[in-house]
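Student:
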Amino acid sequence: MFNLRSTTAAFLIPCALLMANAHAQTPAGAQAGSAVPENQPQTEAERKAFAPDDKSPLAVVNAFNQMAFFDRRPIEAFKRYLADDFIERSPDFAHDGHGSDKAGLIAFFETRGWKEGEALKDTIYQVIGDGERVAVFHKVTMNDKDRGTAFVDIFRVRDGLIVEHWAISQPIPANTTPRHSMF
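Numbering of the sequence shown is given in my numbering, commencing with residue 16 and proceeding in unit increments.
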């Protein structure tokens with residue numbers, strides 16, 4: 016049975032811990048301290064702002080997102096940025112029977128993936144880093160008529176490679192107000 020109170024607490028407590036003393040990469044145009052923050056999508060320049068040899072967690076996750084979801088080269092990104100002992104914590108993306116979580120994710124995206132010409136769209140609104148962990152708050156739409164799904168992906172990065180991933184998602188409701196929009 017779905018319990019909103021425990022589900023909300025299970026989500027908010029880790030997020031609060033992650034954001035305590037975190038370093039945020041605020042997208043251009045965001046206004047700190049305003050009553051209703053103006054969340055602007057992260058730009059390609061912001062995703063590519065790190066030096067190519069930068070192995071910091073923020074740089075690795077930004078480079079991974081750019082290659083996998085914006086350049087539409089997920090298989091190449093998985094091979095390049097996921098550690099061989101990578102652990103997938105999200106049941107929606109974990110696929111057993113392939114020898115490793117990395118191989119399972121590659122097999123899943125080889126059959127499903129984000130392919131060139133598809134209408135899938137990923138819009139990143141926040142990237143927050145704290146030590147080895149990076150949280151990415153973004154919206155994914157399947158086509159132009161889709162309201163989309165809000166995601167929080169949490170990555171753990173070690174030695175320039177992603178070693179662990181969690182994903183939390185929520186469909187975007189039909190009715191929101193500007194003050195209470197998800198983005």
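All C-beta atoms in this analysis are idealised placements derived from N, C-alpha and C, irrespective of residue type, glycine included.
#1: Answer with buried or exposed for ALA78, where buried requires no fewer than 16 other C-beta atoms within 10 angstroms of its C-beta.
#2: Going by DSSP, name the residue or residues bridged to SER71.
#3: Between the region 109-120 and the region 131-149, can you find at least three pairs of beta-carbon atoms closer than 8 Å?
#4: Let's see if you can read the secondary structure: which residues bound the alpha helix (DSSP H) around ILE121?
#5: Alpha carbon to alpha carbon, how far is ALA64 from VAL167?
#6: May I have the straight-line CA-CA distance separating GLN55 from PHE198, to the nearest angstrom?
#7: Should LYS154 be labelled buried (16 or more other beta-carbon atoms within 10 Å of its own) or exposed?
#8: Let me make sure I understand the geometry here. Which of GLN81, GLY163, GLY146, VAL172 has the alpha-carbon closest to that of SER184?
#9: For ARG148, which option in ALA60, ARG88, SER196, HIS180 has the closest C-alpha, if you only look at C-alpha atoms?
#10: By DSSP, does ALA92 sit in helix, in strand, or in coil?
#11: Would GLN57 pass as a contact of VAL142 if the rule is Cβ separation under 8 Å?
Tutor: Taking the coordinates as given:
#1: Start at 1 with the first residue of the sequence shown, and residue 78 comes out as number 63. Label assigned to ALA78: buried.
#2: Taking the first residue of the sequence shown as position 1, residue 71 is located at position 56. Answer by DSSP bridge pairing: none, since SER71 is not bridged.
#3: Result no; under three Cβ-Cβ pairs closer than 8 Å.
#4: Mapped onto the sequence shown, residue 121 falls at position 106. Where ILE121 is concerned, the enclosing alpha helix (DSSP H) stretches over 116-126.
#5: On the sequence shown, position 49 is the one that residue 64 refers to. On the sequence shown, position 152 is the one that residue 167 refers to. Roughly 22 Å separates the two Cα atoms.
#6: Taking the first residue of the sequence shown as 1, we reach residue 55 at position 40. Taking the first residue of the sequence shown as 1, we reach residue 198 at position 183. C-alpha separation (whole angstroms): 8 Å.
#7: Counted from its first residue, the sequence shown places residue 154 at position 139. By the 10 Å Cβ count, LYS154 comes out buried.
#8: Looking up residue 184 in the sequence shown gives position 169. Ranking the options by Cα distance to SER184, first place goes to GLY163.
#9: By one-based count along the sequence shown, residue 148 stands at place 133. Comparing Cα positions, the closest option is HIS180.
#10: Counting from 1 along the sequence shown, the entry for residue 92 is found at position 77. Helix at ALA92.
#11: Counted from its first residue, the sequence shown places residue 57 at position 42. Counted from its first residue, the sequence shown places residue 142 at position 127. Yes; because the gap between Cβ atoms is below 8 Å, this pair is in contact.
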